[in-house]
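A.B. asks: Note that our numbering numbers the sequence shown so that position 338 is 393, with each residue one more than the last.
Idealized CB from N, CA, C, for every residue including glycine.
Below you'll find the structure I mean.
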Amino acid sequence: MVIYMGVVLYAPSLALNAVTGFDIWLSVLTLGIVCTVYTALGGLKAVIWTDVFQTLVMFLGQLAVIIVGSAKVGGLKRVWDVASQHGRVSGIELDPDPFVRHTFWTLAFGGVFMMLSLYGVNQAQVQRYLSSRTEKAAILSCYAVFPCQQLVLCMSCLIGLVMFTYYKEYPMSTQQSEAAPDQFVLYFVMDLLRGLPGLPGLFVACLFSGSLSTISSAFNSLATVTMEDLVRPWFPRFSEARATMLSRILACSYGLLCLGMAYISSQMGPVLQAAISIFGMVGGPLLGLFCLGMFFPCANPPGAVVGLLAGLIMAFWIGIGSVVTRMGSGTAPLPLNGSHFSLPSNLSTIAMTTLMPSTTLSRPTGLQRLYSLSYLWYSAHNSTTVIVVGLLVSLLTGGMRGRTLNPRTIYPVVPRLLALLPVSCQKRLRCKSHSQGLFGDTTVLPEKMSNGMLKGIRDKEAVAEPVKGPLHPGSSPTFIVQETSL
Numbered sequence: 056m057v058i059y060m061g062v063v064l065y066a067p068s069l070a071l072n073a074v075t076g077f078d079i080w081l082s083v084l085t086l087g088i089v090c091t092v093y094t095a096l097g098g099l100k101a102v103i104w105t106d107v108f109q110t111l112v113m114f115l116g117q118l119a120v121i122i123v124g125s126a127k128v129g130g131l132k133r134v135w136d137v138a139s140q141h142g143r144v145s146g147i148e149l150d151p152d153p154f155v156r157h158t159f160w161t162l163a164f165g166g167v168f169m170m171l172s173l174y175g176v177n178q179a180q181v182q183r184y185l186s187s188r189t190e191k192a193a194i195l196s197c198y199a200v201f202p203c204q205q206l207v208l209c210m211s212c213l214i215g216l217v218m219f220t221y222y223k224e225y226p227m228s229t230q231q232s233e234a235a236p237d238q239f240v241l242y243f244v245m246d247l248l249r250g251l252p253g254l255p256g257l258f259v260a261c262l263f264s265g266s267l268s269t270i271s272s273a274f275n276s277l278a279t280v281t282m283e284d285l286v287r288p289w290f291p292r293f294s295e296a297r298a299t300m301l302s303r304i305l306a307c308s309y310g311l312l313c314l315g316m317a318y319i320s321s322q323m324g325p326v327l328q329a330a331i332s333i334f335g336m337v338g339g340p341l342l343g344l345f346c347l348g349m350f351f352p353c354a355n356p357p358g359a360v361v362g363l364l365a366g367l368i369m370a371f372w373i374g375i376g377s378v379v380t381r382m383g384s385g386t387a388p389l390p391l392n393g394s395h396f397s398l399p400s401n402l403s404t405i406a407m408t409t410l411m412p413s414t415t416l417s418r419p420t421g422l423q424r425l426y427s428l429s430y431l432w433y434s435a436h437n438s439t440t441v442i443v444v445g446l447l448v449s450l451l452t453g454g455m456r457g458r459t460l461n462p463r464t465i466y467p468v469v470p471r472l473l474a475l476l477p478v479s480c481q482k483r484l485r486c487k488s489h490s491q492g493l494f495g496d497t498t499v500l501p502e503k504m505s506n507g508m509l510k511g512i513r514d515k516e517a518v519a520e521p522v523k524g525p526l527h528p529g530s531s532p533t534f535i536v537q538e539t540s541l
């Protein structure tokens, strides 16, 4: 989280530099101090209410750029036609190769793991769930965030297409074309909205709102986690006044630490890729750790620790190797200038390949091949590493033999998979245990869980009683019918 905050601090400062020429690192310092102060003084309530206002500003800023930009280039149909003509809108790529940067499978599976790590085990999100009035409200917030997130992503992609069409007709200056790719959109906004007072500032506020909302949530959650998990266990008699003061000091300390991380983020390439890569490198192993504990009752503490370490080592090995390799290669992005695409129709394929920068590079081999893994697969790859290594170590060290297991902390996968098979096959594959009688009929399966409560039973004659107390390792966790919604 601290590393990711460096990316979030750096991105809007880069944008402000493109618009006003304001020094990047002075902007990073100012943004970090302002956000740290209001987070430390206002707490979670200040974070949530500022997030509401900042979200509204984000939507308005994007909408203003899309409306004005599309009107200036001839409408959305013109935008789509130009983007399709020059290969900026492609069909679905079904290549299963995980080393291809963007494909359907990369986005479908790699993106799912990335979102699970972001909204399932990220401390900033979990803190918001816990601050909800009820568990139902927390679940509804998860459902509500999906359409809002998709709307923001679609609007961002549309801004990119409008920007490409605009510079097809009005080429960029030499100074603009030599800038960092992350600054292109700010140059576009200034060129487009220069004669409309207030709108350039609205878009800059849109960028800063997105960063401030993320940073403030992270500072507050980091301070809370440190206080509750590291300080209170050692000092249980801490008064509330001292705890509040220490939480504010921790928030300020994390703010200063994130300022240093902003420099590291400046060396990681495009901002969006850097952010997703960091979430995959850190959030992936954390997701794997939670999945290991929830879905596999045999996992034990040694397996969890070794699995997490293996996942983190693998994550940073591939992530840092990818950054170093990319810095050494110095691959430049495709140009946005429309003049680069105004080629005569009778040019041969060889001539076009020579004049236009090619996106097809020689296939890497060895470790270079491993480092070229698509950044969207980082979370899935690293969480899988944690689960596989954790299970192997757990089995080699005896599993949970001799330890008690709380049934409310697990969601066994095997019985859910067995439920898809015919009853005759279920009876052959089910494990027998001396505690089977505690759970009644083994064919009893819940139809649906809601708020941790059993909503319906398929077999109306036999009702399984919830398990009381810890589950001993000698018994089978196959027939547990309770779960937690989050």
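Consult DSSP for residue 60 and reduce its assignment to one of helix, strand or coil.
C.D. replies: Helix at residue 60.
A.B. asks: Using the C-alpha atoms, what's the distance from residue 457 back to residue 451?
C.D. replies: C-alpha separation (whole angstroms): 15 angstroms.
A.B. asks: What did DSSP end up calling residue 399 once you bin it into helix, strand or coil?
C.D. replies: Interpretation of residue 399 is limited by its pLDDT of 35, a score under 50 that renders its predicted location unreliable; the figure taken from the coordinates is listed afterwards. Three-state DSSP puts residue 399 in coil, outside helix and strand.
A.B. asks: With 16 as the cutoff for other CB atoms within 10 Å, does residue 104 come out buried or exposed?
C.D. replies: Residue 104 is exposed by the Cβ-count criterion.
A.B. asks: One question on the structure: do residue 274 and residue 110 come within less than 8 angstroms of each other, judged by their Cβ atoms?
C.D. replies: No, the pair does not count as a contact, with Cβ atoms beyond the cut-off.
A.B. asks: Just curious, the alpha helix (DSSP H) that residue 436 is in, first and last residue?
C.D. replies: Element bounds for residue 436: 433 to 451.
A.B. asks: Quick one: what does DSSP say residue 504 is sitting in, helix, strand or coil?
C.D. replies: Because the pLDDT of residue 504 is 38, which lies under 50, any placement of that residue in the model is unreliable, and the number read from its coordinates should be weighed accordingly. In the structure shown, residue 504 sits in a strand (DSSP, three-state: E or B).
A.B. asks: Along the chain, where does the alpha helix (DSSP H) that runs through residue 166 open and close?
C.D. replies: Residues 166 to 175.
A.B. asks: So what does DSSP say about residue 460, is it helix, strand or coil?
C.D. replies: Correct three-state label for residue 460: strand.
A.B. asks: Classify residue 77 as buried or exposed, calling it buried when 16 or more other Cβ atoms lie within 10 Å of its own Cβ.
C.D. replies: The residue is exposed, with fewer than 16 neighbouring Cβ atoms inside 10 Å.
A.B. asks: Should residue 253 be labelled buried (16 or more other beta-carbon atoms within 10 Å of its own) or exposed?
C.D. replies: It is exposed - the Cβ of residue 253 has fewer than 16 other Cβ atoms within 10 Å.
A.B. asks: Quick check on residue 477: does DSSP put it in helix, strand or coil?
C.D. replies: In this structure, residue 477 counts as coil in the three-state DSSP scheme.
A.B. asks: Could you round the C-beta distance between residue 259 and residue 428 to whole angstroms and report it? I think they count as a contact, below 8 angstroms.
C.D. replies: Not confirmed; about 35 angstroms, so no contact.
A.B. asks: Apart from the five residues just before and just after residue 159, which ones in its own chain have a Cβ nearer than 8 angstroms to its Cβ?
C.D. replies: Only 147, 148, 149 meet the Cβ criterion.
A.B. asks: Can residue 216 and residue 138 be called in contact, C-beta distance under 8 angstroms?
C.D. replies: For residue 216 and residue 138, yes; Cβs fall inside 8 angstroms.
A.B. asks: Work out the CA separation of residue 67 and residue 404 for me, nearest whole Å.
C.D. replies: Here residue 404 scores only 32 on pLDDT, less than 50, and its place in the model is too uncertain to base an answer on.
A.B. asks: Within the same chain, show all residues whose beta-carbon is closer than 7 angstroms to that of residue 281, passing over the 5 residues directly before and after it, in chain order.
C.D. replies: Here the set comprises 305.
A.B. asks: Is the Cβ-Cβ distance between residue 270 and residue 63 less than 8 angstroms?
C.D. replies: Contact: yes.
A.B. asks: Count the other C-beta atoms from every protein chain shown that fall within 10 angstroms of the C-beta of residue 436, then say buried if there are 16 or more, exposed otherwise.
C.D. replies: Residue 436 should be labelled buried.
A.B. asks: On the three-state DSSP scale, how would you describe residue 108?
C.D. replies: If DSSP states are grouped into helix, strand and coil, residue 108 belongs with the helices.
A.B. asks: Identify which residue in 210, 196, 133 has its Cα closest to the Cα of residue 114.
C.D. replies: Of the listed residues, the one whose Cα sits closest to residue 114 is 210.
A.B. asks: Got a sec, what are the start and stop residues for the alpha helix (DSSP H) residue 215 sits in?
C.D. replies: Residues 190 to 224.
A.B. asks: Enumerate in chain order the residues of its own chain whose CB-to-CB distance from residue 213 is below 6 angstroms, with the five nearest sequence positions on each side excluded.
C.D. replies: Closer than 6 angstroms at the Cβ level, and outside the excluded window around residue 213, lie 121.
A.B. asks: Assuming residue 367 contacts residue 359 (C-beta within less than 8 angstroms), just tell me the rounded distance between them.
C.D. replies: With a Cβ gap of about 13 angstroms, residue 367 and residue 359 do not count as contacting.
A.B. asks: Look at the alpha carbon of residue 191 and the alpha carbon of residue 357, and state the distance between them as a whole number of angstroms.
C.D. replies: Cα-Cα distance, rounded: 35 angstroms.
A.B. asks: Quick check on the DSSP output: what are the complete alpha helix (DSSP H) runs of length 4 or more inside the region 224 to 255, in order along the chain?
C.D. replies: Listed in chain order, they are 229 to 232, 239 to 248.
A.B. asks: Tell me, to the nearest whole angstrom, how far the beta carbon of residue 340 is from that of residue 443; I am working on the premise that it is less than 8 angstroms.
C.D. replies: That belief does not hold up - the Cβ atoms of residue 340 and residue 443 are roughly 12 angstroms apart, past 8 angstroms.
A.B. asks: Inspect the beta-carbon positions of residue 112 and residue 261 and report whether they are closer than 8 angstroms.
C.D. replies: Yes, Cβ-Cβ distance for residue 112 and residue 261 is below 8 angstroms.
A.B. asks: Quick one: what's got a C-beta closer than 7 angstroms to residue 164's C-beta in the same chain, skipping five residues either side?
C.D. replies: Only 435 meet the Cβ criterion.
A.B. asks: Let's test the definition: count the other Cβ atoms within 10 Å of the Cβ of residue 459 and tell me whether it reaches 16, buried, or not, exposed.
C.D. replies: Flag for residue 459 reads exposed.
A.B. asks: Between which two residues does the alpha helix (DSSP H) carrying residue 155 extend?
C.D. replies: It is not in any alpha helix (DSSP H) - residue 155 carries neither H nor E in the DSSP assignment.
A.B. asks: Give the straight-line distance between the Cα atoms of residue 232 and residue 248, rounded to the nearest whole angstrom.
C.D. replies: So the alpha carbons of these two residues sit roughly 19 angstroms apart.
A.B. asks: Return the Cβ separation of residue 257 and residue 119 in integer angstroms, given the expectation that the two are a contact with Cβ distance under 8 angstroms.
C.D. replies: Their Cβ separation, rounded to whole angstroms, is 6 angstroms, which keeps residue 257 and residue 119 in contact under 8 angstroms.
A.B. asks: Classify residue 340 as helix, strand or coil using the three-state DSSP reduction.
C.D. replies: Note: residue 340 maps to helix in three-state DSSP.
A.B. asks: Quick check: the Cα distance between residue 96 and residue 299, rounded to an integer number of angstroms?
C.D. replies: Their Cα atoms are separated by approximately 10 angstroms.
A.B. asks: Please report how far the alpha carbon of residue 308 lies from the alpha carbon of residue 477, in whole angstroms.
C.D. replies: For residue 308 and residue 477, the distance between alpha carbons rounds to 58 angstroms.
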